[in-house]
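Structure, as structure tokens:
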Amino acid sequence: MLIATFNVNSVRQRLEHLLRWLKLREPDLVCLQELKCLDEAFPRAEIEELGYQVETHGQKTFNGVALISKHPIEIEHRGLPGFEDEQARYIEGVVSIPAGSNQPGSALRIASIYFPNGNPIPGPKFDYKRAFMAALTDHARRLLTFEEPLVLAGDYNVIPEPRDARYPENWSGDALFQPESRSDFRKLCALGFTDAVRATSDDPGLYSFWDYQAGAWQRNNGIRIDHLLLSPLAADRLMETGIDKAMRAEDKPSDHVPVWCRLR
DNA sequence: ATGCCTGCGGTTCGCAGA
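Residue numbering for the first sequence follows the numbering used here, starting at 48 and increasing by one per position.
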């Protein structure tokens, strides 16, 4: 069961990259962010042709999230419950995993989340970032009571630790690396979530985003801000993780690359 | 010190991103 998160930075601009990657990686479940289009403009047919069910929560110009699944998925929320928001940043569903040769059928809950950037600081955008994270944490606390495999995946717009940036000092004044942002992320994790990538590697240099500007990719000036948080029952099944950084070297890439985990 | 780049809307520049 391969589960990935990928901020595409416009699904229409990135459709060919996405289709190529889906064929290569063959993920079971993909969380997309920054669709930058309405639901009716989403390139649904091309993805369905590869055998995926497509569920979107789009918005004109900005934001937008989607879940695409090889297995039947039922959407439970479009928009973060308990958080009035005009911006499309949250979609949650339950995936039915068919019975395998040596295990029974099961269910997995998944959310694709695009957290606010929060710059500049201080200001209303940073307040909004923190309010979103607080509401997400409240919702996650409720979800954990269901005691089911749960994956909260997406672009968190948080650099958890200095080792998650090539040049952490460059981010000292940025909303992505503020003590409050990092503390909010730790509090979410402390509910009982496992950061899948960090559960499988202590390596520095694990990045998921490189800015388009100033040759950030060429200089490996990256940060790790796309995360897969696993509930205890999901973490119990964690086998391996990966970051498909080769996608950043393609022509006209997203500034993010896919991050994935494999659950047994 | 600032902008560098990219996408979008809607016109050729402003906003947002991170």
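Glycine included, every Cβ here is placed at the ideal spot set by N, Cα and C.
ask   = Along the chain, which unbroken stretches of the alpha helix (DSSP H) at least 4 residues long are found entirely within the stretch 146-211?
value = 171-191
message = Short of 6 Å in beta carbon distance, which residues of its chain neighbour Pro119, apart from the five on each side in sequence? Order them along the chain.
response = Ser143
ask   = Do Val205 and Phe179 have their CB atoms nearer than 8 Å?
value = no
request  = Could you have a look at Asp231 and say whether DSSP puts it in helix, strand or coil?
outcome  = helix
CB contact flag (Tyr161, Asn110, <8 Å) = yes
request  = Quick one: grab the DSSP three-state call for Asp86.
outcome  = helix
query = alpha helix (DSSP H) containing Ala296: first to last residue?
reply = First-last for Ala296: undefined, no H or E at that position.
message = Can you tell me which residues form a DSSP beta bridge with Thr288?
response = Cys308
query = If we call anything under 8 Å between Cβ atoms a contact, is Glu287 one with Thr241?
reply = no
ask   = Below 8 Å between beta carbons: does that hold for Val58 and Cys78?
value = no
ask   = For the beta strand (DSSP E) that His274 lies in, which residues bound it at each end?
value = 273-277
key: Burial state of Asn54, where buried means 16 or more other Cβ atoms lie within 10 Å   = buried
key: Beta-bridge pairing of Arg125 - partner residues as DSSP gives them   = Ile138
key: Which listed residue (Gly220, Asn267, Gly129, Glu73) has its alpha carbon closest to that of Arg189   = Gly129
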